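Engineer: Got a structure for you, questions after.
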């Protein structure tokens with residue numbers, strides 16, 4: 001970033017103005033605020049304010065059984081809820097030492113990669129809108145709708161999915177889900193190519209994004225950035241590759257890395273991640289054909305809620321249902337940390353357990369909260385219009401920012 005003269009309010013040459021960017025301005029894409037000092041259209045300083053939609057999820061979780069915490073995770077990054085859901089399920093499975101079948105792992109991979117694509121569709125589409133190009137956003141939103149229809153077949157929900165259960169899924173995938181998935185794999189590559197054709201070498205878009213908000217690898221690491229932002233700065237850290245979970249070690253995929261850490265690099269990294277997600281999903285479908293088709297959860301009756309029809313007609317199922325709901329099955333007294341590769345970076349769950357049915361303490365490592373701390377410092381010296389597209393490229397989700 002260029003150096004510009006910084007004035008103070010007491011400076012006789014000062015013509016600074018104060019601008020509230022948010023908390024309800026549409027350009028912020030969420031309920032958070034920045035109080036900016038402007039010299040003309042150039043930002044001199046800024047203070048970020050968060051907490052407008054803080055909902056005390058971590059404290060609420062201390063009073064909920066493990067399986068009732070899943071809906072809370074929906075409301076972190078709600079653009080990719082399934083990743084949050086399954087990250088939490090895997091954390092509890094790590095606590096309880098539950099080993100899920102390969103088929104469950106592959107089904108989870110499919111849903112998580114669909115969620116990654118859906119999130120990147122929104123982020124890169126909105127980045128186009130903020131630079132004055134609306135067409136690409138409309139092209140991509142049609143494909144996000146196709147992903148939501150797959151969610152509906154799997155769990156009945158679209159945005160806040162509450163998808164899956166501790167140990168696997170609540171039901172098997174039906175044939176319509178796989179039909180819609182294959183249709184998506186056939187249609188989405190064409191749309192993604194058109195989207196890249198609209199933006200990747202568009203002179204206006206490139207001029208608006210290249211060298212804007214460039215961040216070095218050292219600075220990104222010092223602020224604990226992860227995900228597409230860190231990879232755009234040149235660091236090839238991806239939880240799926242560095243610390244595989246859900247059998248990601250069985251898949252071949254590349255970790256896209258940028259070289260400049262600017263808005264344009266972040267855009268390109270997310271586009272390439274969508275291609276890699278398609279590649280992973282295609283591999284997962286092939287692997288599913290080699291697994292028994294009737295398995296969709298681990299054999300852990302002590303922690304996996306039985307189907308209602310069995311509860312009504314089978315005494316053993318009724319007993320397990322009662323024990324799980326009432327928390328009569330002891331759990332390990334220990335602490336665990338598990339992380340997954342969320343769409344904005346490393347999404348982690350730090351769980352302290354005292355042997356009961358609810359966490360003694362639960363902390364969410366929310367990538368948006370960590371990534372956003374750098375926004376005000378990196379905005380100094382920027383034009384206001386550049387700060388807007390920088391915010392878009394950070395993909396700050398208010399639900400994940402505040403929790």
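Numbering (full-length UniProt numbering), first residue to last: 1 to 403.
Backbone N, C-alpha and C define an ideal beta-carbon position, used for all residues, glycine too.
Computed from a predicted model, the values in this text were never measured in an experiment.
Could you check where the alpha helix (DSSP H) with residue 39 kicks off and where it finishes?
Structural biologist: Segment 33 to 39 is the beta strand (DSSP E) holding residue 39; no alpha helix (DSSP H) there.
Engineer: Which whole-angstrom value is the C-beta distance of residue 45 and residue 380, which I expect to be below 8 Å?
Structural biologist: About 6 Å separates the two Cβ atoms, so the contact holds.
Engineer: Determine the DSSP secondary structure at residue 5, reduced to helix, strand or coil.
Structural biologist: With a pLDDT of 47 at residue 5, under the threshold of 50, the predicted position of this residue should be treated as unreliable, though the coordinate-derived value follows. It is coil, neither helix nor strand.
Engineer: Is DSSP giving residue 194 helix, strand or coil here?
Structural biologist: Correct three-state label for residue 194: helix.
Engineer: Is DSSP giving residue 208 helix, strand or coil here?
Structural biologist: It is helical.
Engineer: Hey, does residue 277 have any beta-carbon neighbour from chain C nearer than 8 Å?
Structural biologist: No chain C appears in this structure, which consists of one protein chain only.
Engineer: For residue 42, name the three-state secondary structure that DSSP assigns.
Structural biologist: Correct three-state label for residue 42: strand.
Engineer: Could you check the C-alpha separation between residue 6 and residue 121 for me, to the nearest Å?
Structural biologist: With a pLDDT of 47 at residue 6, under the threshold of 50, the modelled position of that residue is not reliable, and the figure given next carries that caveat. Cα to Cα, residue 6 sits roughly 38 Å from residue 121.
Engineer: How big is the Cα-Cα spacing for residue 61 and residue 133?
Structural biologist: One C-alpha to the other measures close to 41 Å.
Engineer: Evaluate contact between the region 19 to 34 and the region 381 to 401, counting only Cβ atoms and requiring at least three cross-stretch pairs below 8 Å.
Structural biologist: Flag = yes, the region 19 to 34 and the region 381 to 401 touch.
Engineer: Tell me which same chain residues have a C-beta within less than 6 Å of the C-beta of residue 400, skipping the five on either side of it?
Structural biologist: Cβ neighbours of residue 400 beyond the five flanking positions: 76, 77, 366 and 368.
Engineer: Would you say residue 297 and residue 104 are within 8 Å of each other, going by their C-beta atoms?
Structural biologist: Yes. Within cutoff.
Engineer: Using only CA atoms, which one of 82, 99 and 229 lies nearest to residue 162?
Structural biologist: The residue with the shortest Cα to Cα distance from residue 162 is 82.
Engineer: Residue 67 and residue 182 look like a contact to me (Cβ under 8 Å); what is the Cβ gap, rounded to whole Å?
Structural biologist: About 31 Å separates the two Cβ atoms, so there is no contact after all.
Engineer: Count the other CB atoms within 10 Å of the CB of residue 213; is the residue buried (16 or more) or exposed (fewer)?
Structural biologist: By the 10 Å Cβ count, residue 213 comes out buried.
Engineer: With 16 other CB atoms within 10 Å as the buried threshold, where does residue 286 fall?
Structural biologist: Classification for residue 286: exposed.
Engineer: Whose C-beta lies closer than 7 Å to the C-beta of residue 158 among residues of the same chain, with five residues either side of it excluded?
Structural biologist: Closer than 7 Å at Cβ, skipping near neighbours: 148, 151 and 152.
Engineer: Would you give the residue range spanned by the beta strand (DSSP E) that residue 18 belongs to?
Structural biologist: Run containing residue 18: 16 to 21, per the beta strand (DSSP E) assignment.
Engineer: If I follow the unbroken beta strand (DSSP E) through residue 337, where does it start and stop?
Structural biologist: Start and end: 333 to 342.
Engineer: Compute the Euclidean distance between the alpha carbons of residue 269 and residue 327, then round it to the nearest angstrom.
Structural biologist: Roughly 44 Å separates the two Cα atoms.
Engineer: Could you name the residues of the same chain whose beta carbon sits closer than 8 Å to that of residue 2, not counting the 5 residues immediately before and after it, in chain order?
Structural biologist: Because residue 2 sits at a pLDDT of 44, beneath the cut-off of 50, its placement in the model cannot be relied upon, and the following sentence gives the value as read from the coordinates. So the list reads 381, once near-sequence residues are dropped.
Engineer: For residue 296, name the three-state secondary structure that DSSP assigns.
Structural biologist: Three-state result, residue 296: coil.
Engineer: Can you give the Cα-Cα distance for residue 4 and residue 38, rounded to whole angstroms?
Structural biologist: Below a pLDDT of 50, predicted positions are generally treated as unreliable, and residue 4, at 44, falls in that range; no measurement from the model is reported.
Engineer: Express the C-alpha separation of residue 262 and residue 207 in angstroms, rounding to a whole number.
Structural biologist: If you take the alpha carbons of residue 207 and residue 262, they lie about 12 Å apart.
Engineer: Should residue 41 go down as buried or exposed, given a rule of 16 or more other Cβ atoms within 10 Å for buried?
Structural biologist: Exposed is the call here.
Engineer: Check whether the Cβ atoms of residue 436 and residue 279 lie closer than 8 Å to each other.
Structural biologist: Residue 436 cannot be examined here, being either before or after the span of the chain that is shown, 1 to 403.
Engineer: Taking the straight line between their C-alpha atoms, what separation do you get for residue 95 and residue 167?
Structural biologist: When rounded, the distance between both Cα atoms is 12 Å.
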